[in-house]
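First up is the structure itself, then whatever we jot down about it.
Protein chains in written order, with the numbering used here: chain B, 174 to 505; chain L, 174 to 505.
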């Protein structure tokens, strides 16, 4: 079987990890890499992906030219979380005839949040006879696909609650910084205001679930709140004083026919003492499913994108979502 | 939206429950019912399904004539667990141009256990431009689809273990009888010999998982053992003496490249004290997912078959499996 030829477009931390994962899997040929950052252009992908050897493939800045020359089967697109910004890149890739698998959170289910862009991408993908999918661990799995799959055995579903609870106590410093550990409430609110402290995708996950459940969401909420220390908290040799921030809780709520049918709770903070992912389907039968210790997000997002490539190559042309392609599984 | 026109073919306990579920969902028109049992022919489906009212649709014995007259969109086929026996019925339904959704365990993934029949059904379904799917809670969900979906976030998978553990202590008498509670070991072995005491589908589930993981299973085992009381056990006013049977443990093992990569454990016995379903993916990241109290099998199988109907109507023509159609979710 010939290898699937892939280009990695966007070589930040996630794109670099994708290079590593795709190389290790052994069923892919990494045919090119694209990034506009001057410290990356010209570098060998082996160095970018930490492969411990050169690949002979170097990062290029002109995506269009590279794609026209290489004509890959699929492009892994990891440049941004924002739909408006990724649209021209998706179009550039589709014009070359390649399928797109992206980590862009807002592209996971843009049909309700930005139907115009969704329709444009869908139409172009159909014209070029390829599929586009955005996925990852969340959105793409924990708070949308997995709850949907769980409801498959239900006669009725009243409402769904999903928890992703991550104890930041023993996590890396960058993770702690990202979720606001140790800052004061004013800075927390500033960061929320500037959108530098938030998880992107709760709204997309809710719309993805609703689309399959037949729920017409009349209203969604996405609420970001600080988790505040109610006493001094000792963390890795420093003290987070009472009243300061231990982390973040972000809650998505979806309402249909006047009822709250969806509750997605993402909490990442020091001092929780327990990490887990949990899906509660209030239905017949009821489903209460817990993943012990939770799913490691760093590995999971890249693994999901990689594992999705064959499914996307087999999918119906157009803008696809995790809710309408075949189940993505690990393969070797 | 016009209702999906469905015929229920086979009106035993599962088929009768399907009539009930399809009626309650409200998006289906139950256009006909087929069974050859003389105590069912001529009865109103409302009586069969316990709907508390007549539907005006009565059970008929001639499937072919009914299908040719009614031309349903889909047929729910619940006549047998055995592939050889269901094949002519599947063909009869396909000839009428309807899609098939069946509870037949051996039809969930017959590509390895009986590739000849799988190919025949696949070819006919493609010729008639409709899809065929068999599903349920197990096989169809717990021990195949759900573990596959869980691996979607894994970079690597070494092996997978699935447990379906059901405490029979407080279950209905028919369930206790089915799993051998209270009989002696000789009778247990006789029933296993006669194939009246067994769960059908472990082998199919293993082949379904392997097909997507890229595992070439060189060998599978399906082992049925009694769970034996090691002391006198008091159950609902009677005593099961030491040495007698408390229930059954059935274990599926799948081997690839000399390693045991799949272990499916189905245990149903009195005195377990805890029911649960659990999936353990030994991979990167590791996944340890537990459904508290387990999934109620009676409801779940019928719900899954019903929920799968729209997905089957949208699926690629041919013999499909849960591993290659869009995720099945509850809908209203």
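The beta carbon of each residue, even a glycine, is placed where N, CA and C say it ideally should be.
Predicted model, so just to flag it, every value in this text is computed and none were measured.
According to the Cβ coordinates, are residue i and residue j closer than 8 Å?
i	j	result
residue 441 of chain L	residue 342 of chain L	no
residue 492 of chain L	residue 500 of chain B	no
residue 502 of chain L	residue 451 of chain B	no
residue 236 of chain L	residue 207 of chain L	yes
residue 325 of chain B	residue 314 of chain L	yes
residue 203 of chain B	residue 181 of chain B	yes
residue 425 of chain B	residue 400 of chain B	no
residue 485 of chain B	residue 272 of chain B	yes
residue 380 of chain L	residue 286 of chain L	yes
residue 244 of chain L	residue 269 of chain L	yes
residue 402 of chain L	residue 458 of chain B	no
residue 494 of chain B	residue 282 of chain B	yes
residue 449 of chain L	residue 436 of chain L	no
residue 531 of chain L	residue 291 of chain L	Within the shown structure, residues of chain L are numbered from 174 to 505, placing residue 531 of chain L beyond reach of any answer.
residue 375 of chain B	residue 423 of chain B	yes
residue 445 of chain B	residue 454 of chain B	no
residue 247 of chain B	residue 274 of chain B	yes
residue 306 of chain L	residue 481 of chain L	yes
residue 392 of chain B	residue 348 of chain B	no
residue 260 of chain L	residue 294 of chain L	yes
residue 373 of chain L	residue 254 of chain L	yes
residue 266 of chain L	residue 239 of chain L	no
residue 126 of chain L	residue 322 of chain B	No answer is possible for residue 126 of chain L: the residues shown for chain L start at 174 and end at 505.
Helix, strand or coil, according to DSSP, for residue i in the structure here?
i	result
residue 316 of chain L	coil
residue 347 of chain B	helix
residue 447 of chain L	coil
residue 299 of chain L	helix
residue 209 of chain B	coil
residue 371 of chain B	coil
residue 324 of chain B	helix
residue 309 of chain B	coil
residue 304 of chain L	strand
residue 430 of chain B	coil
residue 425 of chain L	strand
Restricting to Cα atoms, I'd like to know which of the options is closest to residue i.
i	options	result
residue 359 of chain L	L:425, L:240, L:418	L:418
residue 183 of chain L	L:194, L:209, L:204	L:209
residue 430 of chain B	B:256, B:348, B:389	B:389
residue 309 of chain L	L:456, L:331, L:188, L:434	L:188
residue 558 of chain L	L:398, L:339, L:337	No statement about residue 558 of chain L is possible, as the shown extent of chain L runs from 174 to 505 and does not include it.
residue 438 of chain B	B:337, B:489, B:190	B:337
residue 479 of chain B	B:407, B:249, B:213, B:371	B:249
residue 222 of chain B	B:205, B:234, B:407	B:205
residue 355 of chain B	B:214, B:289, B:327, B:407	B:407
residue 227 of chain B	B:196, B:246, B:234, B:279	B:196
residue 258 of chain L	L:279, L:238, L:405	L:279
residue 383 of chain B	B:476, B:306, B:334	B:334
residue 416 of chain B	B:312, B:469, B:361	B:361
residue 378 of chain L	L:363, L:312, L:405	L:312
residue 332 of chain B	B:267, B:264, B:434, B:260	B:434
residue 284 of chain B	B:256, B:220, B:265	B:256
residue 242 of chain B	B:350, B:220, B:178	B:178
residue 329 of chain L	L:456, L:301, L:387	L:456
residue 483 of chain B	L:368, L:387, L:351	L:387
residue 471 of chain L	L:498, L:339, L:353, L:447	L:339
residue 345 of chain B	B:216, B:394, B:469	B:469
residue 176 of chain B	B:263, B:198, B:233, B:190	B:198
residue 505 of chain L	L:200, L:395, L:214, L:233	L:200
residue 234 of chain B	B:262, B:432, B:447	B:262
For the alpha helix (DSSP H) holding residue i, just list the boundary residues, first then last.
i	result
residue 359 of chain B	358-366
residue 407 of chain B	Unbroken run through residue 407 of chain B is the beta strand (DSSP E), 406-408; no alpha helix (DSSP H).
residue 194 of chain B	186-198
residue 331 of chain L	That residue, residue 331 of chain L, is in no alpha helix (DSSP H); its beta strand (DSSP E) goes 329-340.
residue 225 of chain L	Taken as a continuous stretch (DSSP letters only), residue 225 of chain L belongs to no alpha helix (DSSP H), as it is neither H nor E.
residue 510 of chain L	Nothing about residue 510 of chain L can be reported from this structure: the residues present for chain L run from 174 to 505 only.
residue 219 of chain L	218-221
What is the residue span of the beta strand (DSSP E) that residue i lies within?
i	result
residue 398 of chain B	390-401
residue 181 of chain L	177-182
task: Mind listing, in chain order, the continuous alpha helix (DSSP H) runs of no fewer than 4 residues lying wholly within the region 227-295 of chain L?
output: 236-243, 256-268
- prompt: If you scan the region 451-501 of chain B from start to end, which runs of the beta strand (DSSP E) of 3 or more residues do you find wholly inside it?
  reply: 460-465
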